[in-house]
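As given, the protein sequences belong to chains A and B, one line each in that order.
Counted from 1, the first sequence has number 458 at position 418 by the numbering used here; the numbering is strictly sequential.
Counted from 1, the second sequence has number 149 at position 121 by the numbering used here; the numbering is strictly sequential.
Using N, Cα and C, we set each Cβ at its ideal position, and we do this for glycine too.
Notes follow the structure.
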Amino acid sequence: MLATSPEFKQNAREALEDAGLQKALSFSRPQFMGRRARAVAALPEFEALRDIGRDIKNHTLANLDFYLETWADNVARAGGVVHWCPTADDAREAVLRICQKAGARTVPKGKSMISEELGINDHLEKHGIAPIETDLGEYIIQLRNEHPSHIIAPAFHLNREDWEAQFRKSHTDLPPDRVFHERRDILTEARTRLRQKFLAADVGITGANFLIAETGSSVIVTNEGNGDLTQTLPRVHIALASIEKVVPTLEDATSLLRLLARSATGQDFSVYTTFSTGGRRPADLDGPEEYHVVVVDNGRSAMLGTEFQGMLRCIRCAACMNHCPVYGAVGGHAYGWVYPGPMGAVLTPSLIGIDQAGHLPNASTFCGKCESVCPVKIPLPSLMRHWREREFERHLTPAAVRSNLRLWAFVARRPALYRLATRAAAATLGWLGRKRGRFAWMPLAGGWTRGRDLPAPEGDTFFARYAKAQRAGRR
Amino acid sequence: MAGDIATEGRATILGAIRRGLKRGPLPEDQAHMLRERLVEHPRHLIPARSRIPHPAQVTLFLANVEKEFGTSALVPDAAAVPAAVADYLAAQNLPTAFAMAPHPELEAMPWAERPMLRPRVGRAEATDLVSVQQAFAAVAETGTLMLPSAPERPTTLNLLPDTAIVVLRADAVVGAYEEAWDRLRAATGGSMPRNVMLVTGPSRSADIEQTLELGAHGPRRLHVVLVET
Ligand code: SF4
């Protein structure tokens, strides 16, 4: 996927002016937050489970080579085939080879972010194979020729009208009097169309939420059942997974699953949590004959041993973006690549380079909400700060910002001057903003105030107030 | 040739991981400890909500099935299952033909006593509207059914029909997932079945405006028939 992350600022500006997107965001976001809060409140052990989740992932990452090898050996023992792919190119080729060998023409797919990252669909299409997204949200996104705007709710940015309009456009045989008054009508239309695709397919592609070393299994978690149809009906099942998905045992996966659905959709458990191990057994009446796992590095191993190693704990629950004020203001597409929100702001520079994604770590108010909801306790704000520092060191920050910061550093290193300057600024701003208490626009800071208001200071600097409070305390 | 490429990819990835971790392959004593951990597969924290006596676990399971938009019926013994299935289908105005798992427990039930019912034993086909499946275990913690694939428990029965009926013995209800895993390990000699589905309620989607609709790609209705003995 071609990144538009370098244009984050322009993307964000457009997103703020997109009325449809703003409607969808304001409607959907509070629901995610409310559902998670209720699910968490109903499980007193949730906080303790977050520590456990973090520890399981840390233990696995510290021994990643061992667990991956064990997992791969167990896949082979169960009759499956592992394709080790260091790069995205390798993975695309591996998928294509399997599809071509199976003589596949249409390939249904379960929702998979790694597939988006690798650009599997484009690659298959280029070679005359038609990938069909079967997750409802992914399906409409594919019809609209878009990318997902959210890692678990790909069509987060769409409203009901958008669905109806797209179906009428794409399903050209629809009778004009067909009604789409209810969400149910939309669902039925998609279900009927996709059923035919499942039944006719030779190969099905899914992602994987976890790989299990103990058993050689891959695990998918869905609510619709599309992933299960994808991996059950066609003759060949391909699971795509990145290397950090492995966990040691069923018990380890279970503890993480207790966190995943609650953090993601606010369910206690997703409807279908399915463990696949090898292909069809001799007397089985159904299931794929071939089981392949394409396991991909694509930049992850380079994060090991760096301050970003902890990011590899991510279980892709989306809680961080659901609670992020920046995501809530601009939506997912503005981030310009596969992974939006706080997790994307940390991961994207690691995977496509800070020169491409330098703006993303700045897309933060540092409110800390993301870290406080992350089920595996990834310190997202400090990781974003690491990127900012690196970016600054590499002199990729625009010259104006750097010279302003240099000026600030000059003043800040001279206490008397600093106090004088901030006192003057606070007094001026306080006087100017005394009526509304906020500025919706500020000279020289137009970029900052476009998406948010700047609260007016109350006339004193921090130092002045601190001194006043100290004097009051001593009295 | 393909073998060479595969081996190369494996070596490249493992080498990159070890470079990142700043070490070579794990020393044997450490690898041994990790293998022990895999064999012992230690449990972590199990939420207190399922640490209750068995009858209360059964009650909790049924309450959670309902919370997740499933339904249930209680029958005293296996002989009463066909009547319960017939009643359910009639109440929902559903056809009386269904695909049924070739499971010995199901096949031993007196289906002939209900001549209206037309079971077809086997996997599900695209045209089946109703299925009857046998559950290996069920987890009270979240109202979750464990359905491992086997010749007598085809996976398609869980997915293709619009209405899935699952027959579950009360003694197959456990408190937590961990207990279900241990039962599965014991029953299969430790080798994982091809497919293990953990099913919690009927299929659904919230992709349209984040609002829940039942019956996305899988069954729209999930009905549990709980056999008390
Ligand atoms: S960073 Fe944490 S909160 Fe965000 S998607 Fe990953 S696991 Fe979830």
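9 Å Cβ cut-off: residues of chain B touching residue i
{"i": "R235 (chain A)", "result": "A154, L188, H245"}
{"i": "S310 (chain A)", "result": "L226, T228"}
{"i": "S72 (chain A)", "result": "A small correction: the amino acid at residue 72 (chain A) is Phe; Ser does not occupy that position in the sequence shown. Residues of chain B passing the Cβ test: Q238."}
Proximity test, Cβ basis, 8 Å: residue i and chain B
{"i": "G318 (chain A)", "result": "yes"}
{"i": "Y367 (chain A)", "result": "no"}
{"i": "W377 (chain A)", "result": "no"}
{"i": "G381 (chain A)", "result": "no"}
{"i": "S210 (chain A)", "result": "no"}
{"i": "I245 (chain A)", "result": "no"}
{"i": "T100 (chain A)", "result": "no"}
{"i": "S189 (chain A)", "result": "no"}
{"i": "S341 (chain A)", "result": "yes"}
Residue i versus residue j: straight-line alpha-carbon distance, rounded
{"i": "S257 (chain A)", "j": "V115 (chain A)", "result": "7 Å"}
{"i": "A118 (chain B)", "j": "P75 (chain B)", "result": "39 Å"}
{"i": "S210 (chain A)", "j": "T388 (chain A)", "result": "32 Å"}
{"i": "T246 (chain A)", "j": "A369 (chain A)", "result": "31 Å"}
{"i": "A39 (chain B)", "j": "T272 (chain A)", "result": "31 Å"}
{"i": "H221 (chain A)", "j": "E241 (chain B)", "result": "14 Å"}
{"i": "E169 (chain B)", "j": "G150 (chain B)", "result": "31 Å"}
{"i": "N266 (chain A)", "j": "V334 (chain A)", "result": "20 Å"}
{"i": "R453 (chain A)", "j": "F406 (chain A)", "result": "24 Å"}
{"i": "L198 (chain A)", "j": "F164 (chain B)", "result": "40 Å"}
{"i": "G74 (chain A)", "j": "E433 (chain A)", "result": "40 Å"}
{"i": "V252 (chain B)", "j": "G171 (chain B)", "result": "10 Å"}
{"i": "R235 (chain A)", "j": "I41 (chain B)", "result": "38 Å"}
Chain A within 8 Å of residue i, Cβ atoms only
{"i": "R65 (chain B)", "result": "yes"}
{"i": "W209 (chain B)", "result": "yes"}
{"i": "Y205 (chain B)", "result": "yes"}
{"i": "M137 (chain B)", "result": "no"}
{"i": "E241 (chain B)", "result": "yes"}
{"i": "V224 (chain B)", "result": "yes"}
{"i": "I193 (chain B)", "result": "no"}
{"i": "I80 (chain B)", "result": "no"}
{"i": "A101 (chain B)", "result": "no"}
{"i": "T87 (chain B)", "result": "no"}
{"i": "G17 (chain B)", "result": "An answer regarding residue 17 (chain B) cannot be provided, because it is not within the stretch 29 to 257 covered by chain B."}
{"i": "G98 (chain B)", "result": "no"}
{"i": "T170 (chain B)", "result": "yes"}
Under 7 Å from the C-beta of residue i: neighbouring residues of chain A
{"i": "H261 (chain B)", "result": "Past the edges of chain B, shown from 29 to 257, lies residue 261 (chain B), and the structure says nothing about it."}
{"i": "G150 (chain B)", "result": "L325"}
{"i": "R38 (chain B)", "result": "W124"}
Chain B residues whose Cβ lies nearer than 7 Å to that of residue i
{"i": "L136 (chain A)", "result": "Chain B residues near L136 (chain A): none, gap ~13 Å exceeds 7 Å."}
{"i": "G345 (chain A)", "result": "G48, L49, K50"}
{"i": "F106 (chain A)", "result": "L54, A59, L62"}
{"i": "N185 (chain A)", "result": "Here the premise fails: no neighbours, minimum Cβ distance about 17 Å."}
{"i": "T232 (chain A)", "result": "The premise fails here: T232 (chain A) is roughly 11 Å from chain B at the closest Cβ pair, so nothing lies under 7 Å."}
{"i": "F67 (chain A)", "result": "E237"}
{"i": "G177 (chain A)", "result": "D235"}
First and last residue of the uninterrupted alpha helix (DSSP H) at residue i
{"i": "H155 (chain A)", "result": "Here residue 155 (chain A) is Ser; the residue named in the question, His, does not match the sequence. Per DSSP, S155 (chain A) belongs to the alpha helix (DSSP H) from 153 to 158."}
{"i": "Q161 (chain B)", "result": "It is not in any alpha helix (DSSP H) - Q161 (chain B) instead sits in the beta strand (DSSP E) that spans 158 to 162."}
{"i": "I181 (chain A)", "result": "176 to 183"}
{"i": "I99 (chain A)", "result": "A small correction: the amino acid at residue 99 (chain A) is His; Ile does not occupy that position in the sequence shown. Its alpha helix (DSSP H) spans residues 86 to 102."}
{"i": "N266 (chain A)", "result": "266 to 272"}
{"i": "T99 (chain B)", "result": "Careful: T99 (chain B) lies outside any alpha helix (DSSP H), inside the beta strand (DSSP E) at 99 to 103."}
{"i": "M144 (chain B)", "result": "Here M144 (chain B) belongs to no alpha helix (DSSP H), and DSSP marks it neither H nor E."}
{"i": "P382 (chain A)", "result": "381 to 392"}
{"i": "M73 (chain A)", "result": "59 to 81"}
{"i": "W427 (chain A)", "result": "420 to 433"}
Interface residues of chain A facing residue i [CB-CB closer than 8 Å]
{"i": "L42 (chain B)", "result": "D105, L108, E109"}
{"i": "Q161 (chain B)", "result": "Result: empty, since nearest Cβ-Cβ is about 12 Å, beyond 8 Å."}
{"i": "R232 (chain B)", "result": "N263, E264, V311"}
Cross-chain neighbours of residue i in chain A, by beta carbon under 9 Å
{"i": "H69 (chain B)", "result": "E254, P288, T289, L290, E291, D292"}
Start-to-end residues for the beta strand (DSSP E) that takes in residue i
{"i": "G244 (chain A)", "result": "243 to 246"}
{"i": "N92 (chain B)", "result": "From DSSP, N92 (chain B) is part of no beta strand (DSSP E) but of the alpha helix (DSSP H) over 82 to 95."}
Under 8 Å by beta carbon: chain B residues contacting residue i
{"i": "A128 (chain A)", "result": "The premise fails here: A128 (chain A) is roughly 13 Å from chain B at the closest Cβ pair, so nothing lies under 8 Å."}
{"i": "D324 (chain A)", "result": "S177, A178, P179, P182, R222"}
{"i": "R223 (chain A)", "result": "I236, E237, T239, E241"}
{"i": "Q85 (chain A)", "result": "The displayed chain sequence assigns Glu, not Gln, to residue 85 (chain A). Correct list: L73, P75, A76."}
{"i": "I226 (chain A)", "result": "I236"}
{"i": "A195 (chain A)", "result": "D235, I236"}
{"i": "L299 (chain A)", "result": "Result: empty, since nearest Cβ-Cβ is about 11 Å, beyond 8 Å."}
Residue i: CB within 7 Å of a non-hydrogen atom of the ligand PLP
{"i": "V416 (chain A)", "result": "As far as ligands go, the structure on display features the ligand SF4 and does not contain the ligand PLP."}
7 Å Cβ cut-off: residues of chain C touching residue i
{"i": "A88 (chain A)", "result": "Going by chain labels, chain C is absent from the structure shown, which instead holds the protein chains A and B."}
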